[in-house]
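Visitor: Have a look at this one.
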Amino acid sequence: WLTNLFTYPLSFATLTGGMAFIVFSWVPYLSQILGWCMAGLVYLLNYVVELVKFLPFPGITNLYLPFFEVVLVYLLIAILFGFILQNKWRLLLPTLLLTALLLLTETIQHWRHLEQQGLIVYQIRKHSVIQFVEGTQSHILADSVLARDLSAVSFTLQSSQAKWGLNPTGVKTDTSSFGREQTCFYQDGPFILVDNRRIMLLDGKTNFVPLSGRLPVDLVIVTGNPRIKPENLLKIVQTDTLVTDGSVPRYWKEQFSELAKNEDIRYIDTSTDGAFMVGIK
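With our numbering as the guide, the letters of the sequence shown map in order to residues 52 to 332.
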């Protein structure tokens, strides 16, 4: 409500100023003065919106309701209005039943969130963001640019966190310290174990040496500019799923896509298929 308290008057003033500018745009000096006023109002409105975020209770955040729960809420509001305004006591039982059903579905959903273990590979253009999840706790692995400031992708992250009940506890540029903080997570070099899923993270930091045999993994995630050619990837690992994120250049994606097609491997390109998730409920 604080956001509305500050922004509504400024929005009204901005709209009024815009209409006045259109009406008097033909007046030489007046139009220039109105233009300056409009620029100042827009700047002030943007500044206030950013400032309000730091005040207590600026708005409702991290709220997500599935379609079924939205229907329950609307039914509950409609019946509750009839119960209060028309004093129909026979509506008391349906009101209590709907409330109990809503609480039950929320409890089940929260329990599912507590049981989830896995990861999310986001689609962020020219950037890499991977979120490792254990219950409602999670850690974000991002490139160095986003690790310093996640505000550019805050809308995407906030939406997913609300939907899956996630509470990010840290942002890192490498996975070296994740193992001490997440019990379902183990990492050794480019190889990651998440909820018994063997994952290989292929980026521009890791060098590979020839092996006598291929290492079996469940999933290969490619980020950035890898130091290995796509045709040499399957000489090192054996996998049935290959994922490339938004930080991988287009020509690399085309080569990995061709490799996956020839080897009958499932290929996911987040730029066309959207975010990739495993173990998320």
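We treat Cβ as the ideally placed atom computed from N, Cα and C, and that holds for glycine. Predicted model, so just to flag it, every value in this text is computed and none were measured.
Over what stretch of residues does the alpha helix (DSSP H) that includes L153 continue unbroken?
Guide: Start and end: 143–166.
Visitor: Taking C-alpha atoms, which residue in L61, L252, G186 lies nearest to V99?
Guide: L61
Visitor: What first and last residue would you give for the alpha helix (DSSP H) that runs through L201?
Guide: No residue range can be given for L201, since it is assigned to no alpha helix (DSSP H) and is classified by DSSP as neither H nor E.
Visitor: With burial defined as no fewer than 16 other Cβ atoms inside 10 Å of the residue's Cβ, what is the status of S195: buried or exposed?
Guide: When all chains shown are included, S195 counts as exposed.
Visitor: Do V329 and F307 have their CB atoms nearer than 8 Å?
Guide: No, they are not a contact pair.
Visitor: R137 bridges to which residues according to DSSP?
Guide: Per the sequence presented here, residue 137 reads as Gln, with Arg not at that position. According to DSSP, which records beta bridges pairwise, Q137 is partnered with nothing at all.
Visitor: Under the rule that 16 or more other beta-carbon atoms within 10 Å means buried, what is T158, buried or exposed?
Guide: With fewer than 16 Cβ atoms within 10 Å of its Cβ, T158 is classed as exposed.
Visitor: Between L96 and T58, is the Cβ-Cβ spacing less than 8 Å?
Guide: yes
Visitor: Would you tell me roughly how many angstroms separate the C-alpha atoms of S189 and T323, rounded to the nearest one?
Guide: Looking at the two C-alpha atoms, the distance is approximately 25 Å.
Visitor: Note down the Cα distance separating L197 from Y125, rounded to an integer number of angstroms.
Guide: Their Cα atoms are separated by approximately 39 Å.
Visitor: Going by C-alpha distance, which of K139, G275, K286 is nearest V268?
Guide: K286
Visitor: Is the number of C-beta pairs between the segment 313–323 and the segment 167–175 that are closer than 8 Å three or more?
Guide: yes
Visitor: L284 and A311 - do their beta-carbons sit closer together than 8 Å?
Guide: no
Visitor: By Cβ distance, which residues of its chain are closer than 6 Å to E120, with the 5 residues on each side in sequence left out?
Guide: T156
Visitor: Using 8 Å for Cβ pairs, my map puts N276 next to P300. What's the rounded Cβ distance?
Guide: 7 Å
Visitor: Of the residues A64, P79, W77, which one's Cα is nearest the Cα of L41?
Guide: Lying before the first or after the last residue shown, residue 41 is absent from the chain, which here runs from 52 to 332.
Visitor: Tell me the rounded alpha-carbon separation between R239 and R248.
Guide: Looking at the sequence shown, residue 239 is not Arg but Asp. Taking the straight line joining both Cα atoms gives about 14 Å.
Visitor: By a C-beta neighbour count over all protein chains shown, 10 Å radius and 16 as the cutoff for buried, is M251 buried or exposed?
Guide: buried
Visitor: Taking a contact to mean a Cβ-Cβ separation below 8 Å, would you say R176 touches G325 in this structure?
Guide: no
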